[in-house]
Structure formats: structure tokens, C-alpha cells
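J.: All residue numbers for the sequence shown refer to numbering that gives the first Met the number 0, where the first residue is 0 and numbers rise by one.
Note that the Cβ used here is the ideal one computed from N, Cα and C, for glycine as well.
Predicted, not measured: the structure shown is a model, and the values here were computed from it.
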Amino acid sequence: MFYIIEQGARIQTPVNRLLRSTGVNKPSATNPLRPVSTGDEDRDRVTPPGKLTPYQGSESAQQRSPVNYAHQIMTSPVITASFHQTVSAIRRLLSKRRFHHLPLVDDANTLRGIVSDRDLLRFAASPDRDVENYPVERLMTKKVISAAEQTDIRAIAEVMCEQAIGAVPIVNEQVAVVGIVSRTDILRTLVHRAPLDLWA
């Protein structure tokens, strides 16, 4: 389930409203291709005794439980900042933590916006020398696409691609930030944790 968060208010939003209509049907999973055996190939594939055991152990080690939902891959606890902080303070925090996206909250930890390092770069070129002392609220994205903890990872990835966003904050029923899913989280899951058929 996705939400549009604006000024601390949560608007429940169906995923199809966040995706562009392209007229192309979503691909469905298919059975894997199987090579045709000629008989001779089977004889060539006979493995000498004792050679198979290490590979069998490796295959067993690679078996992992399926990863399906945001709460399974999100970065949590997530570092947030007050939307009243200055641009300069936010810049230092992003640089220190090496983040690309930072959820911004009020005193109740309610999501109020999000800011990225790209947002800061755009404002760095401003001729206004006082921009570093502005509250980050002036440049943050106020209409934030967020998701619930039980949102399907594939839906999050699709929305991120369609909306050209690099991260989706994860919120609870009180619109408090409980995590964040970034492109890095999804790629890390694909490489290290998730069975490949999850993405079929």
C-alpha cells in the first residue's frame, strides 16, 4: 500500500495511480527453458565419484527464504532530521552519513518531506549567499510518495522507476517513519538475499 504524504497528512494511493499507462501488459512469469538431450550429452555429463559433493553443499547454502515485503529489506532504524533544520546542517549530515536521501520529520516523527543530495546541489548554485541558513523546509519535496511495511518490493521498485525517485520512506499508521527503501536496498537484496524467481 502506498501513501502520498503532504503536510503530515496521509492519502492512501493505489499503485496504479502512481504508474504511467503504457498500453503494454506486464510480463508474466514463464517456465525456465530446458535443453534438449541427445543422449551423448548425458554421457558427457557423468561426474566422477567425489566431484559433486562440494557443489551440492554450495547449492544448499544458497537456498534462502523468499523476500517479498518492504519491512524485510528496508533500512531501519532510519536516520531522520527535523524539517526546521538549516540547509547547512542537512548538508553536513548527508555528507557525514554518506546518504543520498533523508526523510524530514516534525517533533512527533511524522513525515513532512524528503530531501536528496541532488536537491542540495541545485541550491548550491544559487547566487543567494544566505541559502545555507534557510530552513530545509524551503527546498524539500513536500509531496512524498511513501509506503507501508507490507508493501510488495516489486511494486516499490516499479513506482521508483516510473516516478524517477531514488528512495521511498516506509511509514506506520501514525505516518511515523519506520524505515526507508532505496535503490541500493533493492539491488543488495537481488544480489545477496532474494531468490531470482522473485523478479520473474
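Can you check whether the CB of P168 is closer than 8 Å to the CB of L92?
T.: Start at 1 with the first residue of the sequence shown, and residue 92 comes out as number 93. Start at 1 with the first residue of the sequence shown, and residue 168 comes out as number 169. In this structure, P168 does not lie closer than 8 Å to L92 by Cβ.
J.: Based on DSSP bridge pairs, tell me the residues matched to S81.
T.: As a working note, residue 81 is residue 82 in the sequence shown. DSSP, once it has assigned bridges, lists V104 as partnering S81.
J.: Provide the residue span of the beta strand (DSSP E) that contains V135, from first to last.
T.: One-based indexing of the sequence shown puts residue 135 at position 136. Per DSSP, V135 belongs to no beta strand (DSSP E) and is neither H nor E.
J.: Do T150 and M0 count as a contact pair if the criterion is CB distance below 8 Å?
T.: Stepping through the sequence shown from its first residue, residue 0 is reached at position 1. Stepping through the sequence shown from its first residue, residue 150 is reached at position 151. In contact: M0 and T150 (Cβ atoms closer than 8 Å).
J.: Determine the DSSP secondary structure at L110, reduced to helix, strand or coil.
T.: Counted from its first residue, the sequence shown places residue 110 at position 111. Strand.
J.: Does the Cβ of D184 have 16 or more other Cβ atoms within 10 Å, making it buried, or fewer, making it exposed?
T.: Indexing the sequence shown from 1 puts residue 184 at position 185. It is buried - the Cβ of D184 has at least 16 other Cβ atoms within 10 Å.
J.: Once DSSP output is grouped into helix, strand and coil, what is the label at A156?
T.: If you number the sequence shown from 1, residue 156 lands on position 157. Here A156 sits in helix by DSSP.
J.: Please work out which residues of its chain come closer than 6 Å, Cβ to Cβ, to A147, disregarding the five sequence neighbours upstream and downstream, and give them in chain order.
T.: Along the sequence shown, read from residue 1 onward, the residue named residue 147 stands at position 148. The residues are M0.
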